[in-house]
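Encoded as structure tokens, the structure appears first; notes follow it.
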Amino acid sequence: MSHSTPDTTPCVTTIAGTGSYVPERILSNADLAKIVDTSDEWIVSRTGIRERRIAAAGETTSDMCTKAARLAIESAGITAAEIDLIIVGTVTPDSLFPSTACYVQQNLGASNAVAFDVSAACAGFLFAMQIARHFINGGNRSTALIIGADKLSVLIDWTDRNTCVLFGDGAGAAILRRRTPDDEATASGLLSSVLASDGNLTGILHAPGIGSAQTLPPNPAVIPEPIIHMMGKEVFKAAVKNTCEACETAISRAGLPAADLDLIIPHQANVRIVDAIRERLGLPPEKAFLNLQKYGNTSGAAIAIALDEASRSGRLKKGDNVLLVAFGAGFAWAASVIRW
Ligand code: UT7
């Protein structure tokens with residue numbers, strides 16, 4: 075893939091509204107230090123995370139998606155009936171089937187949409203964004219609800235300090251639509267994208283336990299616990315190497331020098347990974363949007379929540395050039411440049 079190849083996909087699609095939701099319950103680093111051998115000092119210095127949100131027992135991924143989606147619909151000024159495509163990026167669906175997107179469709183009464191999930195772990199929201207972009211660019215659909223959402227708290231081994239301090243629950247949503255004359259006047263839209271995966275790295279981050287590889291134990295009532303297995307250092311290295319390259323390609327395809335970026339909204343996994351990407355692009359710390367200190371790594375939701383917070387807080391302004399970049403299990407990664 076040449077770094078100088080422009081993105082030939084026409085800029086037809088834009089973001090019309092965003093929304094997000096995080097559960098009420100806060101789990102602080104001090105709370106975690108009571109259940110595993112860790113400390114606030116270790117977690118903050120190695121990751122930047124101070125606290126995370128944990129969904130209530132009966133609160134499902136589709137419940138969180140629905141709350142985020144309602145806010146996105148409201149901010150876009152549309153009705154649920156106008157949505158003709160719903161894509162949920164999640165690795166913690168309510169159940170193996172039907173898709174979480176179909177539950178969201180039911181909750182919203184979005185009866186004119188086709189709804190399905192995409193599995194790309196922490197890159198799920200950006201994968202959903204690019205799939206929706208191609209549907210809209212192709213003329214097949216005009217108004218998409220895309221959601222990134224995860225309830226990783228159900229997959230966590232709460233005795234494993236290597237992983238339990240990192241993750242949290244939440245959902246973020248956006249409405250994508252065909253550009254209006256107003257959008258064309260401000261040149262807002264999705265400018266470029268890179269989607270990538272490397273199946274040779276499936277083993278560095280995975281959650282076995284439920285799926286076709288699972289042999290049911292002699293007593294089928296006893297289903298083994300699905301648990302996150304992660305080789306932290308390997309994930310760290312794969313994240314920095316692959317996402318830095320993807321960012322450079324996405325920026326180049328958008329026809330922008332990195333210095334013209336107003337904001338990076340990176341996957342909120344580890345502030346040290348964010349710093350590595352930002353430094354490689356030669357950008358100062360204030361150009362990276364961070365909320366991982368409040369929410370930890372919310373997997374597919376992280377970029378979607380951050381995008382909504384950046385928008386609602388006024389950090390994002392009309393005409394800003396924004397780089398979105400995500401990575402996670404697969405290994406799967408993505409980068410996109412948008413003009414707000
Ligand atoms: O969306 C993708 C999701 N995953 C990621 O992005 C993870 C990427 N990786 C990372 O962010 C980092 O590798 C971690 C934060 C997971 C770990 O940081 P590290 O600097 O790579 O630490 P390490 O794994 O090398 O561990 C250093 C030490 C070890 O002790 P010894 O062997 O040196 O005695 C660990 O056992 O820190 C220990 N350790 C902890 N200590 C206190 C590991 N976790 C903890 C903990 N509290 N929570």
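Residue numbering for the sequence shown follows the numbering used here, starting at 75 and increasing by one per position. No residue lacks a Cβ here, since even glycine has one placed at the ideal position from N, Cα and C. Values in this document were obtained by computation on a predicted structure and should not be read as measured data.
Checklist entry - Roughly how far, in whole angstroms, is the beta-carbon of cysteine 85 from the beta-carbon of leucine 355, given that I think they are within contact range, below 8 Å? => result Within the sequence shown, residue 85 is the residue found at index 11, counting from 1. Within the sequence shown, residue 355 is the residue found at index 281, counting from 1. About 22 Å separates the beta carbons of cysteine 85 and leucine 355, which is beyond the 8 Å limit, so they are not a contact pair.
Checklist entry - From Glu148, Ala270 and Ala175, pick the residue whose C-alpha is nearest to that of threonine 317; which is it? => result Translated into the one-based positions of the sequence shown, residue 317 becomes position 243. Of the listed residues, the one whose Cα sits closest to threonine 317 is Ala270.
Item to check | Boundaries of the beta strand (DSSP E) in which alanine 415 is found, first to last residue | outcome: Outside the shown range of the chain (75 to 414) lies residue 415, about which nothing can therefore be said.
Item to check | Sheet register partners of glycine 244 (DSSP bridge) | outcome: For the purposes of this step, residue 244 is taken as the residue at position 170 of the sequence shown. Glycine 244 is bridged by DSSP to Asp224.
Checklist entry - In its own chain, which residues sit with a C-beta less than 6 Å from the C-beta of alanine 295, not counting the 5 before and 5 after it? => result For this step, residue 295 is matched to residue 221 along the sequence shown. Counting only Cβ-Cβ distances below 6 Å, and skipping sequence neighbours, we find nothing.
Checklist entry - Pairing CB atoms from the region 184-200 with CB atoms from the region 397-413, are three or more of them under 8 Å? => result Taking one beta carbon from each stretch, the region 184-200 and the region 397-413 have 3 or more pairs nearer than 8 Å; the two touch.
Next on the checklist: So, with DSSP's three-state summary, where would you put histidine 280?
Outcome noted: Working through the sequence shown from its first residue, we reach residue 280 at position 206. Histidine 280: strand per DSSP, three-state reduction.
Checklist entry - Span of the beta strand (DSSP E) holding valine 96? => result For the purposes of this step, residue 96 is taken as the residue at position 22 of the sequence shown. Bounds of any beta strand (DSSP E) do not take in valine 96, whose DSSP letter is neither H nor E.
Next on the checklist: Looking at the secondary structure, which residues open and close the alpha helix (DSSP H) in which serine 149 lies?
Outcome noted: Here residue 149 refers to the residue found at position 75 of the sequence shown. Start and end: 135-150.
Next on the checklist: Determine whether the beta carbon atoms of asparagine 365 and glutamate 383 lie at a separation below 8 Å.
Outcome noted: Sequence index remark: in the sequence shown, residue 365 carries index 291 (1-based). Sequence index remark: in the sequence shown, residue 383 carries index 309 (1-based). For asparagine 365 and glutamate 383, yes; Cβs fall inside 8 Å.
Checklist entry - So, are the CB atoms of threonine 231 and aspartate 243 less than 8 Å apart? => result As a first step, residue 231 is located in the sequence shown; it is residue number 157 there, counting from the start. As a first step, residue 243 is located in the sequence shown; it is residue number 169 there, counting from the start. Reading off the sequence, residue 231 comes out as aspartate, not threonine. It is not a contact, given that the beta carbons lie outside the stated cut-off.
Checklist entry - Can phenylalanine 405 be considered in contact with the ligand UT7, in the sense that its beta carbon sits closer than 7 Å to one or more heavy atoms? => result Mapped onto the sequence shown, residue 405 falls at position 331. Flag unset: Cβ of phenylalanine 405 not near the ligand UT7.
Item to check | Cross-strand partners of proline 340 (DSSP beta bridge) | outcome: Translated into positions along the sequence shown, residue 340 becomes position 266. Proline 340 is bridged to Val399.
Checklist entry - So does the region 103-122 actually touch the region 142-151, counting three or more Cβ pairs closer than 8 Å? => result These segments do not touch.
Checklist entry - So, helix, strand or coil for serine 119, using DSSP? => result Here residue 119 refers to the residue found at position 45 of the sequence shown. Helix at serine 119.
Item to check | Delimiting residues of the beta strand (DSSP E) encompassing isoleucine 160 | outcome: The residue labelled residue 160 in the question sits at position 86 within the sequence shown. Isoleucine 160 -> beta strand (DSSP E) spans 159-163.
Item to check | Distance, phenylalanine 190 Cα to isoleucine 220 Cα | outcome: Within the sequence shown, residue 220 is the residue found at index 146, counting from 1. Within the sequence shown, residue 190 is the residue found at index 116, counting from 1. Looking at the two C-alpha atoms, the distance is approximately 10 Å.
Checklist entry - Would you say the beta carbon of asparagine 103 comes nearer than 7 Å to a heavy atom of the ligand UT7? => result Here residue 103 refers to the residue found at position 29 when the sequence shown is read from its first residue. False, no ligand heavy atom lies under 7 Å from that Cβ.
Item to check | Buried/exposed call for threonine 233, threshold 16 Cβ in 10 Å | outcome: For the purposes of this step, residue 233 is identified with residue 159 of the sequence shown, where counting begins at 1. By the neighbour-count rule (16 or more Cβ atoms within 10 Å), threonine 233 is not buried but exposed.
Item to check | Exposed unless 16 or more other CB atoms sit within 10 angstroms - verdict on glycine 212 | outcome: Here the question's residue 212 lines up with position 138 in the sequence shown. By the 10 Å Cβ count, glycine 212 comes out exposed.
Next on the checklist: Under DSSP, the alpha helix (DSSP H) around alanine 406 begins and ends at which residues?
Outcome noted: Stepping through the sequence shown from its first residue, residue 406 is reached at position 332. It is not in any alpha helix (DSSP H) - alanine 406 instead sits in the beta strand (DSSP E) that spans 406-413.
Item to check | Cβ neighbours of isoleucine 109 in the same chain (closer than 7 Å, five flanking residues each side left out) | outcome: The residue labelled residue 109 in the question sits at position 35 within the sequence shown. Spatial neighbours of isoleucine 109 in its own chain (CB-CB distance under 7 Å, excluding positions within 5 residues in sequence) are listed in chain order as Trp232.
Item to check | Residue range of the unbroken alpha helix (DSSP H) whose run includes alanine 195 | outcome: One-based indexing of the sequence shown puts residue 195 at position 121. For alanine 195, no alpha helix (DSSP H) segment is defined, and its DSSP state is neither H nor E.
Item to check | methionine 305 to alanine 218 span [Cα, whole Å] | outcome: Against the sequence shown, residue 305 aligns to sequence position 231. Against the sequence shown, residue 218 aligns to sequence position 144. The straight-line gap from Cα to Cα measures roughly 35 Å.
Checklist entry - What number of angstroms, rounded off, separates the C-alpha of alanine 143 from the C-alpha of alanine 380? => result Reading the sequence shown from its first residue, position 69 is the one you call residue 143. Reading the sequence shown from its first residue, position 306 is the one you call residue 380. Here the C-alpha atom of alanine 143 lies approximately 15 Å from the C-alpha atom of alanine 380.
Item to check | Backbone secondary structure at serine 326 - three-state DSSP | outcome: Translated into positions along the sequence shown, residue 326 becomes position 252. DSSP places serine 326 in helix when its eight states are reduced to three.
Next on the checklist: Here's the rule: buried if 16 or more other CB atoms are within 10 angstroms of the residue's CB, otherwise exposed. What is serine 266?
Outcome noted: For the purposes of this step, residue 266 is taken as residue 192 along the sequence shown, with counting starting at 1. Buried is the call here.
Next on the checklist: In the DSSP output, what is arginine 126 paired with across the bridge?
Outcome noted: Within the sequence shown, the letter at position 52 stands for residue 126. Partner(s): Leu101.
Checklist entry - Under 8 Å, do leucine 337 and lysine 361 count as touching if we go by C-beta distance? => result As a working mapping, residue 337 is identified with position 263 in the sequence shown. As a working mapping, residue 361 is identified with position 287 in the sequence shown. Closer than 8 Å, so yes.
Checklist entry - Which whole-angstrom value describes the C-beta separation of alanine 400 and histidine 303, a residue pair presumed to lie in contact below a C-beta threshold of 8 Å? => result Here the question's residue 400 lines up with position 326 in the sequence shown. Here the question's residue 303 lines up with position 229 in the sequence shown. That belief does not hold up - the Cβ atoms of alanine 400 and histidine 303 are roughly 20 Å apart, past 8 Å.
Next on the checklist: For a quick check, are the C-beta atoms of serine 169 and valine 162 less than 8 Å apart?
Outcome noted: Sequence index remark: in the sequence shown, residue 169 carries index 95 (1-based). Sequence index remark: in the sequence shown, residue 162 carries index 88 (1-based). The beta carbons of serine 169 and valine 162 sit no closer together than 8 Å.
Next on the checklist: Helix, strand or coil for asparagine 371? Go by DSSP, reduced to three states.
Outcome noted: As a position in the sequence shown, residue 371 is number 297, starting the count at 1. In the structure shown, asparagine 371 sits in a strand (DSSP, three-state: E or B).
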